[in-house]
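Undergrad:
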Amino acid sequence: MGNMPGICWGFQLLILFVHHCYGFYLPGSYMHTYSTKDAIYAKINSLTSIETELPFSYYSLPYCKPMGGIKKSAENLGELLMGDQIDNSPYRFRMNVNESLYLCTTSPLNEREVKLLKQRTRDLYQVNMILDNLPVMRITKQNGVNIQWTGFPIGYTPPNSNDDYIINHLKFKILVHEYEGSGVQIIGTGEEGMGVISEADKTKASGFEIVGFEVIPCSVKYDPEVTTKLHMYDNISSVNCPLELDKSQIIREQERISFTYEVEFVKSDIRWPSRWDAYLKMEGSRVHWFSILNSLMVITFLAGIVFVILLRTVRRDLTRYEELDKEAQAQMNEELSGWKLVVGDVFREPNHSKLLCVMIGDGVQIMGMALVTIVFAALGFMSPASRGMLLTGMIILYLFLGIAAGYVAVCLWRTLKGTAEGWRSLSWSVACFFPGIVFVILTALNFILWGSKSTGAIPISLYFILLSLWFCISVPLTLLGGYFGTRAEPIQYPVRTNQIPREIPARKYPSWLLVLGAGTLPFGTLFIELFFILSSIWLGRFYYVFGFLLIVLLLLIIVCAEVSVVLTYMHLCVEDWRWWWNAFFASSSVSLYVFLYSINYLVFDLQSLSGPVSAVLYLGYSMIMAVAIMLATGTIGFITSFYFVHYLFSSVKID
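Numbered according to mature numbering (1 follows the signal peptide of the UniProt record, and there is no 0), the sequence shown spans residues -23 to -1, 1 to 632.
1) Which of the three DSSP states is assigned to residue 324 in this structure?
2) With a CB to CB cut of under 6 Å and the five nearest residues on each side skipped, what residues in its chain are close to residue 140?
3) Quick one: grab the DSSP three-state call for residue 613.
4) So, are the CB atoms of residue 530 and residue 378 less than 8 Å apart?
5) Would you call residue 167 buried or exposed, if buried means 16 or more other Cβ atoms sit within 10 Å of its Cβ?
6) Whole angstroms are fine: how far does the CA of residue 371 sit from the CA of residue 277?
7) Taking the continuous beta strand (DSSP E) assigned at residue 96, which residues delimit it?
8) What residues match up with residue 16 in a beta bridge as DSSP calls it?
9) Take the Cβ of residue 14 as the centre, count every other Cβ of all protein chains shown within 10 Å, and call the residue buried at 16 or more, exposed below.
10) For the beta strand (DSSP E) containing residue 123, name the first residue and the last one.
11) Thinking just about the alpha-carbon of each residue, which of 195, 239, 73, 409 is nearest to the one in residue 245?
12) Using the three-state DSSP reduction, which class does residue 358 fall into: helix, strand or coil?
13) Would you report the Cα separation of residue 437 and residue 58, rounded to the nearest angstrom?
14) So, for residue -8: in the same chain, excluding its five sequence neighbours on each side, which residues have a beta-carbon less than 6 Å away from its beta-carbon?
15) Just verifying my parser: in three-state terms, what is the DSSP assignment at residue 22?
16) With respect to the alpha helix (DSSP H) encompassing residue 547, which residues constitute its N-terminal and C-terminal limits?
17) Who are the Cβ neighbours of residue 565 in its own chain at under 6 Å, not counting the five residues just before and after it?
18) Which residue from 76, 257, 147, 403 puts its Cα closest to that of residue 124?
19) Exposed or buried, what is residue 614 when buried is set at 16 or more other beta-carbons lying within 10 Å of its beta-carbon?
20) Which partner residues does residue 132 have in the DSSP bridge list?
21) For residue 506, which of helix, strand or coil comes out of DSSP?
22) According to DSSP, is residue 62 part of a helix, a strand, or is it coil?
23) Take residue 38 as the anchor and find which of 89, 593, 209, 334 has the nearest alpha-carbon.
24) Tell me where the beta strand (DSSP E) around residue 235 begins and ends.
25) Less than 8 Å between C-beta atoms, sequence neighbours within five positions excluded: which residues of the same chain meet that for residue 429?
26) Would you list the one or two residues that DSSP bridges to residue 633?
27) Taking one C-beta from the region 549 to 567 and one from the region 491 to 498 each time, how about it: are there three or more such pairs within less than 8 Å?
28) Beta carbon of residue 399, beta carbon of residue 457: below 8 Å?
29) Please report the straight-line C-alpha distance between residue 381 and residue 353, rounded to a whole angstrom.
30) Which residue or residues does DSSP assign as beta-bridge partners of residue 606?
31) Is it the case that the Cβ atoms of residue 105 and residue 10 are separated by a distance below 8 Å?
32) What does the alpha-carbon distance come out to for the pair residue 471 and residue 461?
33) Under three-state DSSP, which class holds residue 154?
34) Mind checking whether residue 385 and residue 403 have CB atoms under 8 Å apart?
35) To the nearest angstrom, how far is it from the Cα of residue 135 to the Cα of residue 221?
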């Protein structure tokens, strides 16, 4: 009762807040308005390359540092895991003030700095700058077509030359939209600030919004004797990008590099909610809508055929069987071949039943996480402006869905064993199985990243955070779910199991061949979307068609269920009562095709990827993805097949 006054106060404040507000922006997507001459500082993310996939800190190279020292921005869990390292930068802009400014001149480059600059330049590393949460965009012309890229290169190597040149002058163009103010009041101005639409003080938010951030990178040779007399943010004359190499800044020992930039503010009609459109419509990341729709139509048609065949076949068998009188049924039981003959063995406990329960539990957890995440993303909760939010959301969902994993695994265990004995050991196994696989792979990859001194390496502190989250949230919830599973009503089998197992007739073809073939149909729903997902991960493109991804996921669930049911029925028809694992692997075999496709993508689409380190990283992350898909799709197939077999044999009354 002692906390009641505090709760009442909190409730009153909440009511007051709701009374004065009638809408809000999600964190990371709030609007910030600036007045003329307001100082705006750009931020710097990790240097990235599609050639190596190893991110490095911006300040690992001899760049100008901010006056107040380097300060890291607050990063969420997803950003840290993705290797993002967002720091402040010395690049300062003043709203609506066009100016050309000097930053700094480096001390003479030593051998190590020259080697590093040359290596990063030749590995095509990009500088990723952010202003008001917008990544900088560079526009280049190829064959008369404008191509948009995020970031700009560290430097360039002219054709047929061994010399490298550094980008040391940046010409920025900032697009701004004049905002008259319609009651947006800013609460907090950090990365995680939240804009709240308020009735009061409508003029407070009027000003200018940043709706575009573009750059033209140049290499300019300066006289260090002149530039060393200047101070940071001193005005200089505007510079045209030189085309001659002798007027560009070469990278070599004892060279002193001067960094400068100029900025031009341009008024734009683009409104703040539409400012990400330019990034999402970038050349090369345009989604092939017709290809996806064509794929969806073909797979829906195939799934329809599978469903109709199955419905007709099973219904015909049941109808024929139920029309007979009891004597004829008894005679038919002796004469019939097919699924009715395995009635005394169909619910016999499978081999490695504990492992099956563990994999089904983890599959429920992964599928639940994927489904909820994609639904939220499709509804617009995962804005591209909210870096790392998608991964953070997935991890939190996975942790809390441990309760579902424990419940399902223990329920299945009780059904198979007829007792709840050993449920604690099972729940622990469920909590450790998939996270254990991920932990082993990530640790191995992390040693490689630590050896390369990449920012993509997970810090030791983050390891402890992840282990704490797993041990303090996921494990207790999985055990709690397991406890609830012991209290739930077990599923009763419709028929008794014989003491002596029935002999399985020899077959012309092995069952694994059918299982492998079954995976091609789910893969057909997935492979086009998989191409865009891999491109967004490895080529730095934006993935934003979560509505399509949700449709593909729902279609994948339907096809996995149907494929698994058909294969289970085919096994029962040839008197093979060992359907449990076959049902799981029939739909989960899609993961094998996903992994093979990932290797195909590495060989043919990631040809720029250089070095064994990058290839090992790629294959390691692909392996994690394939294992997650195997557990999720296998669970769908198994659960559907289980209820199908239960329904099939409960419909036939056999003594």
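From the three backbone atoms N, C-alpha and C, an ideal C-beta is built for every residue, glycine too.
TA: Result, derived from the coordinates:
1) By one-based count along the sequence shown, residue 324 stands at place 347. Here DSSP, grouped into helix, strand and coil, assigns residue 324 to coil.
2) Mapped onto the sequence shown, residue 140 falls at position 163. So the list reads 227, once near-sequence residues are dropped.
3) As a first step, residue 613 must be located in the sequence shown, where it is residue number 636. Three-state result, residue 613: helix.
4) As a first step, residue 530 is located in the sequence shown; it is residue number 553 there, counting from the start. As a first step, residue 378 is located in the sequence shown; it is residue number 401 there, counting from the start. In this structure, residue 530 keeps its C-beta atom at 8 Å or more from the C-beta atom of residue 378.
5) As a working note, residue 167 is residue 190 in the sequence shown. Confidence at residue 167 is low in this model, with a pLDDT of 35, below 50, so the placement of that residue should be treated as unreliable; the coordinate-derived value is given next. So residue 167 ends up on the exposed side.
6) Start at 1 with the first residue of the sequence shown, and residue 277 comes out as number 300. Start at 1 with the first residue of the sequence shown, and residue 371 comes out as number 394. Cα to Cα, residue 277 sits roughly 28 Å from residue 371.
7) On the sequence shown, residue 96 is found 119 positions in, with the first residue counted as 1. Here residue 96 belongs to no beta strand (DSSP E); instead the alpha helix (DSSP H) covers 88 to 99.
8) As a first step, residue 16 must be located in the sequence shown, where it is residue number 39. The secondary-structure analysis by DSSP pairs residue 16 across a beta bridge with 71.
9) Here residue 14 refers to the residue found at position 37 when the sequence shown is read from its first residue. Result: exposed.
10) Along the sequence shown, read from residue 1 onward, the residue named residue 123 stands at position 146. Segment 122 to 127, the beta strand (DSSP E) holding residue 123.
11) Start at 1 with the first residue of the sequence shown, and residue 245 comes out as number 268. For residue 245, the nearest C-alpha among the options comes from 73.
12) If you number the sequence shown from 1, residue 358 lands on position 381. Coil, per DSSP.
13) Locating residue 437 in the sequence shown gives position 460, where the first residue counts as 1. Locating residue 58 in the sequence shown gives position 81, where the first residue counts as 1. Taken atom to atom, the span from the alpha-carbon of residue 437 to that of residue 58 is near 12 Å.
14) Here residue -8 refers to the residue found at position 16 when the sequence shown is read from its first residue. Residue placement at residue -8 is poorly supported in this model, since its pLDDT is 36, which falls under 50; the coordinates still yield a value, given next. So no residue of the chain qualifies.
15) Taking the sequence shown and counting its residues from 1, one reaches residue 22 at position 45. The three-state reading of DSSP puts residue 22 in coil, since its state is none of H, G, I, E or B.
16) Indexing the sequence shown from 1 puts residue 547 at position 570. Where residue 547 is concerned, the enclosing alpha helix (DSSP H) stretches over 523 to 550.
17) Taking the sequence shown and counting its residues from 1, the one referred to as residue 565 is at position 588. Result list for residue 565: 607, 610, 611, in chain order.
18) Mapped onto the sequence shown, residue 124 falls at position 147. Closest by alpha carbon: 257.
19) Residue numbering aside, residue 614 sits at position 637 when the sequence shown is read from its first letter. That one is buried.
20) Position 155 of the sequence shown holds residue 132. BP columns for residue 132 point to 143.
21) The count along the sequence shown starts at 1 and reaches residue 506 at position 529. Reduced to three states, the DSSP call for residue 506 is helix.
22) Your numbering for residue 62 matches position 85 in the sequence shown. Shown here, residue 62 sits in coil according to DSSP, grouped into three states, outside any helix or strand.
23) On the sequence shown, position 61 is the one that residue 38 refers to. Among 89, 593, 209, 334, the Cα nearest to that of residue 38 belongs to 89.
24) Position 258 of the sequence shown, counted from the start, is the residue given in the question as residue 235. First-last of the beta strand (DSSP E) with residue 235: 235 to 244.
25) The count along the sequence shown starts at 1 and reaches residue 429 at position 452. Leaving aside the five residues that flank residue 429 on each side, the residues in its chain whose CB is nearer than 8 Å to its CB run, in chain order, 31, 590.
26) The question about residue 633 has no answer, for the chain in this structure spans -23 to 632.
27) The region 549 to 567 vs the region 491 to 498: in contact.
28) Translated into positions along the sequence shown, residue 399 becomes position 422. Translated into positions along the sequence shown, residue 457 becomes position 480. No, Cβ-Cβ distance for residue 399 and residue 457 is not below 8 Å.
29) Mapped onto the sequence shown, residue 381 falls at position 404. Mapped onto the sequence shown, residue 353 falls at position 376. Across the structure, residue 381 and residue 353 are spaced so that their CA atoms are roughly 19 Å apart.
30) Residue mapping note: residue 606 aligns to position 629 of the sequence shown, counting from 1. Residue 606 is not bridged to any residue.
31) Reading the sequence shown from its first residue, position 128 is the one you call residue 105. Reading the sequence shown from its first residue, position 33 is the one you call residue 10. No, these two residues do not count as a Cβ contact at 8 Å.
32) Position 494 of the sequence shown, counted from the first residue, corresponds to residue 471. Position 484 of the sequence shown, counted from the first residue, corresponds to residue 461. Each residue's CA atom was taken as its position, placing residue 471 and residue 461 some 24 Å apart.
33) Translated into the one-based positions of the sequence shown, residue 154 becomes position 177. Assignment of residue 154 by DSSP, reduced to helix, strand and coil, places it in the strand class.
34) Position 408 of the sequence shown, counted from the first residue, corresponds to residue 385. Position 426 of the sequence shown, counted from the first residue, corresponds to residue 403. Taking the C-beta atoms as reference points, residue 403 is found no nearer than 8 Å to residue 385.
35) The residue labelled residue 135 in the question sits at position 158 within the sequence shown. The residue labelled residue 221 in the question sits at position 244 within the sequence shown. When rounded, the separation of the alpha-carbon atoms in residue 135 and residue 221 is 11 Å.
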